[in-house]
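Here the structure comes first, spelled out in structure tokens, and everything after it is commentary.
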Amino acid sequence: MDYTILEKLYQNEPILRYLRYNPKWYIPLNQNPESYKDFEKEAKTNLKLTTADKIENLKNQINFINSMIKYINNS
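For the sequence shown, the numbering used here gives the first residue as 41, with consecutive numbering after it.
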């Protein structure tokens, strides 16, 4: 595998873990280093690391905090 791909993988632990659990990507990454972008996109989508997922997570946390504040104020 190309050294730059390996470097990118070892800098991002969740993406590396995704590769280990989805070994079908070893061959495409080894044969065509340009497929890394496709791999990274799939990994981020499946691991819910996209910007939309982060915004949704933040929204859920804010809703939870608001619910807790309302509960405390009503007690």
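Built from N, CA and C at the ideal position, the CB exists for glycine as well.
Here the structure is a predicted model, which means the values were calculated and not measured.
Taking only three categories from DSSP, how would you classify LYS88? Numbered from 1 along the sequence shown, position 48 holds the residue referred to as residue 88. Three-state DSSP puts LYS88 in coil, outside helix and strand.
Secondary structure at SER75, three-state DSSP: helix, strand or coil? Here residue 75 is taken as the residue at index 35 of the sequence shown, counted from 1. In the structure shown, SER75 sits in a helix (DSSP, three-state: H, G or I).
Excluding the five sequence neighbours on either side, which residues of its own chain have a C-beta within less than 6 Å of the C-beta of PRO28, listed in chain order? Here the chain covers residues 41 to 115 and nothing more, so residue 28 does not appear.
Could you tell me the boundaries of the alpha helix (DSSP H) in which LYS64 lies? Your numbering for residue 64 matches position 24 in the sequence shown. Where LYS64 is concerned, there is no enclosing alpha helix (DSSP H), given that its DSSP letter is neither H nor E.
Considering only their Cβ atoms, is the gap separating ALA83 from TYR58 smaller than 8 Å? In the sequence shown, residue 58 corresponds to position 18, counting from 1. In the sequence shown, residue 83 corresponds to position 43, counting from 1. Closer than 8 Å, so yes.
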